[in-house]
Amino acid sequence: MPPPDLSVTEGASGLRIEHLRKSYKKRVVIRDVSMELHRGEVVGLLGPNGCGKTTTFYAIAGLVTPEAGHVFIDGREVTTLPMYRRARMGIGYLPQEMSIFRGMSVEDNILSVLEIAQPDRHKRRERLEELLSEFSVEHLRRAPALALSGGERRRVE
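So the sequence shown is numbered by the numbering used here: it starts at 284 and just counts up by one.
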């Protein structure tokens with residue numbers, strides 16, 4: 284695929300996918316999937332097992348690269364951008380399985396992710412404070428992840 288065109292489409296806001304296709308070996312998993320979602324919308328993707336829901340999410344988040352089609356965030360094509368760049372634009376994927384380091388504190392769990400996204404130590408600490416407040420887990424900052432309730436754990440993830 285050619286490099287993405289990062290110019291913004293006028294008036295675009297949200298997520299748009301056009302004609303996505305992904306196959307594994309000879310099995311086509313998603314074929315010609317298109318949708319447009321606007322900021323603030325809550326949408327569910329329903330279907331039977333094996334119909335391509337997870338692969339569609341993976342293609343949107345950047346975990347897999349589609350063979351055809353395009354992914355746009357706020358009018359910018361991001362089809363070939365890595366996951367961390369899409370995350371900075373507001374698209375992320377939270378798996379059903381627990382993805383938290385149980386032996387680490389809440390603060391250290393969040394910092395471990397921020398180290399990837401933010402090289403500047405001072406900005407990383409500022410962002411940590413913002414996130415602890417935003418997800419109402421300031422009081423848990425030093426608690427081991429193992430001791431969190433299910434809801435607290437999801438907020439930290």
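The C-beta atom is built at its ideal place from N, Cα and C for all residues, glycine as well.
Item                                                                                                                                              : Value
Give the DSSP-derived three-state secondary structure of E320 in the structure shown.                                                             : What sits at residue 320 in the sequence shown is Leu, not Glu. Strand at L320.
In chain order, what residues of the same chain lie with their CB nearer than 7 Å to the CB of R369, ignoring the 5 residues before and after it? : A344, G345, I356 and V361
From L415, L303, V316 and T337, pick the residue whose C-alpha is nearest to that of G352; which is it?                                           : L303
Kindly confirm or deny that the region 381-391 and the region 420-427 touch, where touching means at least three C-beta pairs closer than 8 Å.    : yes
Let me know the beta strand (DSSP E) ranges lying completely inside the region 344-424, each 3 residues or longer, listed in chain order.         : 351-356
Would you identify the three-state DSSP class for K309, choosing helix, strand or coil?                                                           : coil
Which residues in the same chain have their Cβ closer than 7 Å to the Cβ of F340, if we skip the five residues on either side of it in sequence?  : Y376
On a CA-only basis, which of E440, G333, I399 and H321 is nearest K305? Give me that one, please.                                                 : G333
Taking C-alpha atoms, which residue in R310, F384, R359 and V311 lies nearest to V439?                                                            : F384
If contacts are defined as beta-carbon pairs under 8 Å, then T348 and V312 qualify, I think. What distance do you get, rounded to the angstrom?   : 13 Å between Cβ atoms; not a contact.
Starting from V439, follow the alpha helix (DSSP H) in both directions and report where the run begins and ends.                                  : G433 to V439
Measure the beta-carbon distance from V354 to I300 and round it to whole angstroms, keeping in mind my assumption that it falls under 8 Å.        : 5 Å
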